[in-house]
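Trainee:
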Amino acid sequence: GLTIPASGTGGSWIVKLPSSRFEAVPENEYSMMELARMLGMDVPETQLLPIDQIANIPEGIGKFGNSAVAIKRFDRADGQAIHIEDFAQVFGVYPHDKYKKASMSNIAQVIGIEGQEEDIAEFIRRLVFNTLIGNADMHLKNWSLIYNDKRSASIAPAYDFVSTIPYITDKEAALKVSRSKKFADFTMDELSHLAAKARLPEKLVLDTASETVELFHEKWQSEKTNLALNSDVIEAIDKHLEDIPMAKKK
């Protein structure tokens with residue numbers, strides 16, 4: 003869907019309008035971001051708005067859906083820009099190569115070097131979460147570093163969390179985790195391999211992954227029918243979870 007900048011109560015926002023190709027994408031993104039927030043991830047303020055409440059939108063956009071998702075910009079504070087660097091920029095990769103040239107273990111290694119233990123844990127939470135919801139679009143530009151004090155880097159707040167599997171039945175993630183892109187290969191062993199390759203503390207990686215899976219099941223079961231999701235998305239995620247080794251309940 004089309005993305006437009008907007009200013010409103012409390013600062014600058016990015017507004018994502020309904021997609022002409024896929025049904026209810028704003029509702030999907032809003033729900034996945036709120037679910038991630040419930041799991042303790044760093045998620046910017048997000049609102050689901052009727053499109054008739056948004057000024058200056060293209061004529062006729064309403065035929066594609068009634069809602070837009072608004073995300074508060076985290077690269078602005080008190081009118082000042084905060085430096086953000088996405089991982090295509092970090093690795094010097096052109097945007098058209100955002101699905102190639104690097105893996106999740108490469109991203110993890112940079113976060114391990116630049117950030118603190120909490121940044122590593124946050125990266126693992128998001129990696130596990132996006133695998134569980136079936137987000138096949140977590141490419142290099144969907145991970146960023148933020149420089150809040152202009153010097154030291156930490157993992158930037160979450161963005162672009164969408165369950166893509168209801169629209170495109172993809173069996174692979176956007177990037178290799180460590181050895182494989184396949185959702186079906188997402189195991190504790192694959193995360194151990196990532197930890198070794200990225201020189202991260204293995205216990206931190208595996209404990210965070212286990213906690214995230216457990217909390218995901220708890221929140222998904224209690225909240226999935228309360229979120230702004232249609233039944234197709236819920237069914238697609240439920241079916242997808244059966245194919246993820248790590249998601250299988252013991």
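So the sequence shown is numbered by the working numbering: it starts at 3 and just counts up by one. No residue lacks a Cβ here, since even glycine has one placed at the ideal position from N, Cα and C.
Which residue marks the beginning of the beta strand (DSSP E) containing Arg49, and which one marks its end?
Mentor: Here the question's residue 49 lines up with position 47 in the sequence shown. For the record, residue 49 in the displayed sequence is Gln; it is not Arg. That run of the beta strand (DSSP E) goes 48-52.
Trainee: Nearest to Thr189 by alpha carbon, out of Arg128, Val71, Ala211, Ala90?
Mentor: The residue you call residue 189 lines up with position 187 of the sequence shown. Checking every option, the nearest Cα to that of Thr189 belongs to Ala211.
Trainee: Short of 6 Å in beta carbon distance, which residues of its chain neighbour Glu47, apart from the five on each side in sequence? Order them along the chain.
Mentor: Start at 1 with the first residue of the sequence shown, and residue 47 comes out as number 45. Here the set comprises Lys74.
Trainee: Beta-carbon within less than 6 Å of Leu243's beta-carbon, same chain only, minus the 5 sequence neighbours each way: which residues are those?
Mentor: Stepping through the sequence shown from its first residue, residue 243 is reached at position 241. So the list reads Ala249, once near-sequence residues are dropped.
Trainee: Our contact map puts Gly117 next to Arg201 with C-beta atoms below 8 Å; I'd like the distance itself, whole angstroms only.
Mentor: Taking the sequence shown and counting its residues from 1, one reaches residue 117 at position 115. Taking the sequence shown and counting its residues from 1, one reaches residue 201 at position 199. Between Arg201 and Gly117 the Cβ distance is about 13 Å, and since that is not below 8 Å, they are no contact.
Trainee: Please determine whether the Cβ atom of Val164 lies at a distance below 7 Å from any heavy atom of the ligand NAD.
Mentor: This structure lacks the ligand NAD, and indeed carries no ligand of any kind.
Trainee: Is the Cβ-Cβ distance between Ile157 and Leu147 less than 8 Å?
Mentor: Here residue 157 refers to the residue found at position 155 when the sequence shown is read from its first residue. Here residue 147 refers to the residue found at position 145 when the sequence shown is read from its first residue. Going by C-beta atoms, Ile157 is nearer than 8 Å to Leu147.
Trainee: For Arg128, count the other beta carbons within 10 Å of its own beta carbon; 16 or more makes it buried, fewer makes it exposed. Which is it?
Mentor: Indexing the sequence shown from 1 puts residue 128 at position 126. Buried, because 16 or more other Cβ atoms sit within 10 Å of the Cβ of Arg128.
Trainee: Measuring CA to CA, which of Lys205, Lys173, Trp15 is closest to Ala79?
Mentor: Position 77 of the sequence shown, counted from the first residue, corresponds to residue 79. With distances taken between Cα atoms, Ala79 lies closest to Trp15.
Trainee: Between which two residues does the beta strand (DSSP E) holding Tyr149 run?
Mentor: For this step, residue 149 is matched to residue 147 along the sequence shown. Residues 146-149.
Trainee: Considering only residues of the same chain and omitting the five flanking positions on each side of Val95, which have a CB-CB separation below 7 Å?
Mentor: As a working note, residue 95 is residue 93 in the sequence shown. Around Val95: Lys103, Ala104, Leu142.
Trainee: So what's Lys18 in DSSP terms, helix, strand or just coil?
Mentor: Translated into positions along the sequence shown, residue 18 becomes position 16. Three-state result, Lys18: strand.
Trainee: Kindly indicate which residue of Ile135, Met35, Glu213, Asp191 has the alpha-carbon position closest to the one of Thr171.
Mentor: Walking along the sequence shown from the start, residue 171 turns up at place 169. Looking at the Cα atoms, Ile135 is the closest of the given residues.
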